[in-house]
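Below is one structure, written out as structure tokens, with a few remarks after it.
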Amino acid sequence: MWTMKYRMIVSDVDGTLFESGNKLNDSTIELVEMYQKSGGIFTLATGRMKKAIDPFIEQLKIRAPVIVYNGAQLANPHNQQLIQGFTVERELAQLVVKKLDGFRIDPIIHVNQQPFVLKITDAIKEHTIKDGIQCQVTNEVESLLLNAPTKFLLIGDPEELLRYLKVLEESWQQSFHYVFSDWNYLEILPQNASKGNALKLLSQHMEIPTEQIAVVGDERNDITMVKEAGFGAAVANANEALKSQADYITAGAYHYGLEEVIKKVMQG
């Protein structure tokens, strides 16, 4: 008989599931297995593309849909099929690229499950290593944007990103969705895309009320799902903006904080 209050746990990946290096801690794998054998459901919510978390899906034996691209897609864990997906409208996408002129920002454009870049830079190399992905260089941005992008990841100095964001807001003069997913990452997303909205879709798909879902994260892009869930936790290393919205702040950082939440949920 199910006795735990939270039937599902949703964890962020970078900065929560592990600190760095794309390597899961054995104790995390064991705890997730214990939780799932007890009848709980564990899954992930990340800004990464689906392909970049496939190794973790396999290691953690995840069976529920995963939230990827910061909520732009809800994906089947076992293949590349989408349960739900949104894209950036084409006119905005074209403006995003046009307004990059003069800024020291490295863009990654995600189109049809493939990341494209204008050139390979040190920042791009660092990102590809971190996410375990390969980016394709393109000189045909106009042709590329005939397909609506899933998201733009803009990498740069935080002040430079803020200056760019102001220019884009003044030029577009309509609402658009963006999020800072790391100290030097600005993401331009589809209007309906957020981890919080994706959590609601996941809740409906799995027929589990959001009140019975616990989530764990570390960055500003986790705020919407922390506010949406029945129990929202921030790991000790989390951004202060997230901590201010969380129901619980763990004593441990990174995967230690996640493990703390899993234990807390299992103890009822």
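Numbering-wise, the sequence shown is residues 927 to 1194 according to our numbering.
Using N, Cα and C, we set each Cβ at its ideal position, and we do this for glycine too.
List the whole-angstrom C-beta distance separating residue i from residue j, where the pair is believed to meet the contact cut-off of C-beta under 8 angstroms.
i     : j     : result
Q1062 : Q1040 : 6 angstroms
G997  : K1169 : Not really, about 21 angstroms apart at Cβ, beyond 8 angstroms.
P1033 : L1080 : 5 angstroms
L1008 : F982  : Not a contact, Cβ separation roughly 19 angstroms.
K987  : E959  : 7 angstroms
D1173 : F1157 : 6 angstroms
V1022 : V1067 : Contact doesn't hold; Cβ gap of about 10 angstroms is too wide.
D938  : V1105 : Rounded, the Cβ-Cβ distance is 13 angstroms, inconsistent with contact.
V936  : K1025 : Contact doesn't hold; Cβ gap of about 34 angstroms is too wide.
A1162 : G1183 : 5 angstroms
Whole angstroms is fine: what's the gap from residue i's alpha carbon to residue j's?
i     : j     : result
A1177 : V1187 : 10 angstroms
E984  : I1114 : 29 angstroms
Y932  : T954  : 18 angstroms
Q1171 : Q999  : 24 angstroms
N1165 : V1152 : 13 angstroms
N1002 : E1154 : 22 angstroms
I1046 : R1146 : 27 angstroms
Q1010 : E1133 : 16 angstroms
Y1180 : I967  : 20 angstroms
F1029 : E1017 : 20 angstroms
G965  : P1116 : 34 angstroms
I1139 : N1005 : 24 angstroms
Q1130 : A971  : 16 angstroms
V1191 : M930  : 7 angstroms
N1110 : L1071 : 24 angstroms
S1101 : E1095 : 8 angstroms
L1125 : T1136 : 8 angstroms
A978  : I1059 : 6 angstroms
E1015 : K1189 : 42 angstroms
I1050 : R989  : 31 angstroms
V1043 : D952  : 35 angstroms
Tell me the DSSP secondary structure of residue i in three-state form.
i     : result
K1077 : strand
M975  : coil
S937  : strand
H1131 : helix
I1031 : coil
I993  : strand
M927  : Confidence at M927 is low in this model, with a pLDDT of 42, below 50, so the placement of that residue should be treated as unreliable; the coordinate-derived value is given next. The answer is coil: DSSP assigns M927 none of H, G, I, E or B.
G947  : coil
Q985  : helix
Y932  : coil
L1072 : coil
Going by DSSP, what residue range makes up the beta strand (DSSP E) through residue i?
i     : result
E1113 : 1111-1115
A1159 : 1157-1160
Q999  : 999-1001
I1009 : 1008-1011
I1050 : Counting along the chain, I1050 falls outside any beta strand (DSSP E), though it belongs to the alpha helix (DSSP H) covering 1048-1057.
Tell me the DSSP bridge mates of residue i?
i     : result
P1041 : H1036
D1108 : Y1111
Y1174 : A1159
V1142 : S937, A1159
H1103 : L1115
Q1062 : F1042
Just curious, the alpha helix (DSSP H) that residue i is in, first and last residue?
i     : result
T969  : Run containing T969: none in the alpha helix (DSSP H); it sits in the beta strand (DSSP E), 967-970.
V1187 : 1180-1192
A1167 : 1166-1169
A1019 : 1016-1024
E959  : 952-963
E1096 : 1084-1098
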